[in-house]
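A short worksheet on the structure shown next.
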DNA sequence: GGAGTGAACGAGAACGCTAACTTTGCGACA
DNA sequence: TGTCGCAAAGTTAGCGTTCTCGTTCACTCC
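Residue numbers (UniProt numbering), protein chains in the order written: chain A, 1 to 352; chain B, 1 to 352.
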């Protein structure tokens, strides 16, 4: 049983110095493996520091070194597998590069986002990777004004004029839609969450382009927008639930498309459930195309065709860029925008 | 378009002071809304600070105030929905209490965990909430020795002697097993991941107890352990895959239990797939009981019976306890251990 | 009109650490 | 034996804040 030592005054360099009868400076040199200390003294100092439980004060240290080495990640939620991958990979990259990661969740709430950005600012982060709630520059300018490097991913804010990395949602919209059209669909329905973000807009554009290529007119009846719900912790349950409900209502209303193209795999999951309930078969009666290739997609019955997103790659490029900006190894005056190609994964739900 | 001001020297209190022709002290008072500054001067200072983009140096500030206000969360991965909920809720609680959250992922890797703890220490966190990779005290003592409050969740290390909050896995093991036994199963098989942690041990204990209550002997043939795989980002895919494979191999080997009780819903998902492939019907031919009530569980065909875990409640109590320790509002000498009851969710996969 | 009062602001120290510079001391060498 | 050189250690300053204590100055009041 290890003694719990709570409430004790925190040990300082001076404490160690007094304990070994040397100056604080020597102790500092010894512990930081700087030259100018004999091996014997160094060992003695390290042992003593260990013994009395000395932990360097990070604030004092970074006050003089000027390097907090922390990046902030402001993201809507981590329940979404895509953001989950994003954050995991950013954490991994940051860890490797010796950076800490301050996690801030905005919950799709603009006010919460504003506070998150403020927190990042107050926490003294070196840089920020963000996924905005809305397409408005406003809360983020607090960072750019303070001269803190900012990189956005997944959701774009062109007027901000900062670097942006994302999967190519327009291409994805085309790819998924084309896949069902090439398999004979003539009346596909796109189901999306109603978010004021570039992602949805780009996907709808891609959807529309694919339709036009196939000579099918685009109108609002082909595009069902589901009101978005906040609170990240149950977002995925709700999405499946919403997918279920929207299809049930559609069928009740007598509308029966010959293909569903949806904004994420959880929507598709709910949709499966609603179709099964009505005895409508996939893919015989209707094709279903998901988005995201979540872990469960290939285990559904039938396995779900979907779009695999390059979340890891997006995270990698975004962090690499941020680190480059932090190193000043790159001129940040010309904002970089990169779209990474997603990959179509065809499974039985679109077989025909 | 907002000007991007990179590479500029960071503004200091002194810069603001010189700009307005006052002392740094007065500027500090003005910006912190302390008395002793006239309203006019205060407004002028704030405007100027805003104009030149002054952001207080958090390190200088917390060096003197002695309050970093950050908690570290060391967890294996956030792809697991349970940990996802845990981290989301901790973030929420921390945010509300004015704390920052430093996220550290250990990836089920003891070495990575050791480094994560070291990082938390170096980052100067006020306290830590941890989910250990193993049941060994060793890496965590670095925190307790430094006098940094530590609370563990989900996975226990009794010899550490720190507070622990978890769902009651033993009870959960009993509840899930009893559910299938009460529905006629006489030859249930438990599938678990082979992790050296208290969680798995407790669940197996619960399983065994339920069997004994029903007069069924427990032996190793009733308990299939799947080797654990690292790398958090694909952990969920792999779990489903493993679930698929283990059942396929079992069937190939001529073993056919009358119920599966599994360690998480992703395993159940893979299992569904394997059973479907062989034409084995759920629940007619075999009962399936999951664990975790992941978002997809109720949308499967048939909807999956499972155990809903009180992840939010666990997170809440753990953070509440940590904050109490940080406030010194509670004596931390007597470690607290709390087990919160899970809730059985019965769906069609165990109907009989 | 001079003492007392209180608001507005300034000077200096302190937080814990690191870096530049200085001092000490011991052995080698002429 | 005195001096030079170099390793080992100490001294001092400074990072950007906040806090404590002073100082200034206008204003009231007898």
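Backbone N, C-alpha and C define an ideal beta-carbon position, used for all residues, glycine too.
For this session: Compare the C-beta of residue 135/A with all C-beta atoms of chain B and state if any pair is closer than 8 Å.
Result: No, residue 135/A does not count as interfacial toward chain B.
Exercise. How many angstroms separate the CA atom of residue 54/A from the CA atom of residue 21/A?
Worked result: The straight-line gap from Cα to Cα measures roughly 16 Å.
For this session: Could you please give me the residues that DSSP links to residue 74/A through a beta bridge?
Result: According to DSSP, which records beta bridges pairwise, residue 74/A is partnered with 104/A and 130/A.
Exercise. From what residue to what residue does the alpha helix (DSSP H) around residue 269/A run?
Worked result: Residue 269/A -> alpha helix (DSSP H) spans 265 to 277.
Exercise. Which same chain residues, not among the five before or five after residue 153/A, have their C-beta less than 8 Å away from its C-beta?
Worked result: In the same chain as residue 153/A, and ignoring 5 residues on each side of it, the C-beta atoms closer than 8 Å to its own belong to 86, 129, 130, 131, 164, 165, 166, 314, 315 and 318, in chain order.
For this session: Take the Cβ of residue 23/B as the centre, count every other Cβ of all protein chains shown within 10 Å, and call the residue buried at 16 or more, exposed below.
Result: Residue 23/B comes out exposed.
Exercise. Roughly how far, in whole angstroms, is the beta-carbon of residue 177/A from the beta-carbon of residue 123/A, given that I think they are within contact range, below 8 Å?
Worked result: With a Cβ gap of about 43 Å, residue 177/A and residue 123/A do not count as contacting.
For this session: Can you give me the start and stop residues for the alpha helix (DSSP H) that residue 207/A sits inside?
Result: According to the DSSP assignment, residue 207/A belongs to the alpha helix (DSSP H) that extends over 198 to 213.
Exercise. Do you know whose CA, among 74/B, 99/B and 275/B, lies nearest residue 256/B's CA?
Worked result: Among 74/B, 99/B and 275/B, the Cα nearest to that of residue 256/B is on 275/B.
For this session: Could you tell me the boundaries of the beta strand (DSSP E) in which residue 153/B lies?
Result: Looking at the DSSP string, the run of the beta strand (DSSP E) that includes residue 153/B is 150 to 153.
For this session: Could you tell me the distance, in whole angstroms, from the CA atom of residue 158/A to the CA atom of residue 194/A?
Result: Going from the Cα of residue 158/A to the Cα of residue 194/A covers about 20 Å.
Exercise. Quick one: Cα of residue 63/A to Cα of residue 100/A, how far?
Worked result: Straight-line measurement puts the Cα of residue 100/A at about 17 Å from the Cα of residue 63/A.
Problem set entry | Against chain A: residues of the stretch 90 to 105 of chain B by CB proximity under 8 Å | Of all residues in the stretch 90 to 105 of chain B, 91, 92, 95, 100, 101, 102, 103, 104 and 105 have a Cβ within less than 8 Å of some Cβ in chain A.
Exercise. Going straight from the alpha carbon of residue 250/A to that of residue 260/A, what length do you get?
Worked result: So the two alpha carbons sit approximately 12 Å from each other.
For this session: Mind checking the stretch 250 to 282 of chain B against chain A and listing, in chain order, the residues whose C-beta falls within less than 8 Å of any C-beta there?
Result: Within the stretch 250 to 282 of chain B, the residues whose Cβ lies closer than 8 Å to some Cβ of chain A are 266, 269, 270, 272, 273 and 276, listed in chain order.
Problem set entry | Cβ neighbours of residue 121/A in the same chain (closer than 8 Å, five flanking residues each side left out) | Around residue 121/A: 142, 143, 146 and 148.
Problem set entry | Contact with chain A by residue 295/B, beta-carbon distance below 8 Å | Yes, residue 295/B counts as interfacial toward chain A.
Exercise. What are the boundary residues of the beta strand (DSSP E) that residue 169/B is part of?
Worked result: No beta strand (DSSP E) holds residue 169/B; the alpha helix (DSSP H) holding it covers 169 to 182.
Exercise. Where do the ends of the beta strand (DSSP E) carrying residue 337/B lie?
Worked result: For residue 337/B, the enclosing beta strand (DSSP E) covers residues 337 to 340.
Problem set entry | Local conformation of residue 226/B per DSSP, three classes | DSSP, reduced to helix, strand and coil, places residue 226/B within a strand of the structure shown.
Problem set entry | For residue 3/A, the three-state DSSP class (helix, strand or coil) | Low per-residue confidence applies at residue 3/A: pLDDT is 31, beneath 50, and the placement is therefore not dependable, though the value from the model is reported in the following sentence. Three-state DSSP puts residue 3/A in coil, outside helix and strand.
Exercise. Just to confirm, are residue 246/B and residue 277/B a CB contact at a threshold of 8 Å?
Worked result: It is not a contact, given that the beta carbons lie outside the stated cut-off.
Exercise. Counting only beta-carbon atoms, is residue 77/B nearer than 8 Å to chain A?
Worked result: It does: the Cβ of residue 77/B has a partner Cβ on chain A nearer than 8 Å.
For this session: Take residue 126/B as the anchor and find which of 324/B, 344/B and 334/B has the nearest alpha-carbon.
Result: Answer by Cα proximity: 324/B.
Exercise. Between the beta-carbon of residue 181/A and the beta-carbon of residue 204/A, is there less than 8 Å?
Worked result: In this structure, residue 181/A sits away from residue 204/A, with a CB-CB distance that is not shorter than 8 Å.
Exercise. What separation, rounded to the nearest whole angstrom, lies between the Cα atoms of residue 12/B and residue 56/B?
Worked result: Their Cα atoms are separated by approximately 7 Å.
For this session: Could you check if residue 236/B is buried or exposed, using at least 16 other CB atoms within 10 Å of its CB as the buried criterion?
Result: So residue 236/B ends up on the buried side.
Exercise. Residue 356/A to residue 92/A, Cα distance in whole Å?
Worked result: Chain A is shown from 1 up to 352; residue 356/A falls before or after that span and cannot be answered.
Problem set entry | Assigned exposure category for residue 112/A - 16 Cβ within 10 Å defines buried | Its Cβ being crowded by 16 or more others within 10 Å, residue 112/A is buried.
Exercise. By Cβ distance below 8 Å, which residues in the same chain neighbour residue 98/A in space, the five residues on each side in sequence not counted?
Worked result: Taken in chain order, the residues that qualify are 69.
For this session: Just the C-alpha distance for residue 202/A and residue 292/A, rounded to the nearest angstrom, thanks.
Result: Whole-angstrom Cα-Cα distance: 15 Å.
Problem set entry | Chain-ordered chain B contacts of residue 119/A [CB-CB under 8 Å] | Within chain B, the residues near residue 119/A are 95 and 100.
Problem set entry | Length of the line joining the Cα atoms of residue 337/B and residue 289/B | C-alpha separation (whole angstroms): 28 Å.
Exercise. Alpha carbon to alpha carbon, what distance is there between residue 83/A and residue 350/A?
Worked result: Between residue 350/A and residue 83/A, the C-alpha separation is close to 26 Å.
Exercise. Going along the chain, which residues of its own chain have a beta-carbon closer than 6 Å to the beta-carbon of residue 266/A, five neighbours each way excluded?
Worked result: Within the same chain, 236, 239 and 240 come within 6 Å of residue 266/A by CB-CB distance, once the 5 residues on both sides are set aside.
Exercise. Leaving out the 5 sequence neighbours to the left and right, which residues in its chain are closer than 7 Å to residue 198/A when beta-carbon positions are compared?
Worked result: These residues qualify, in order along the chain: 135, 155 and 156.
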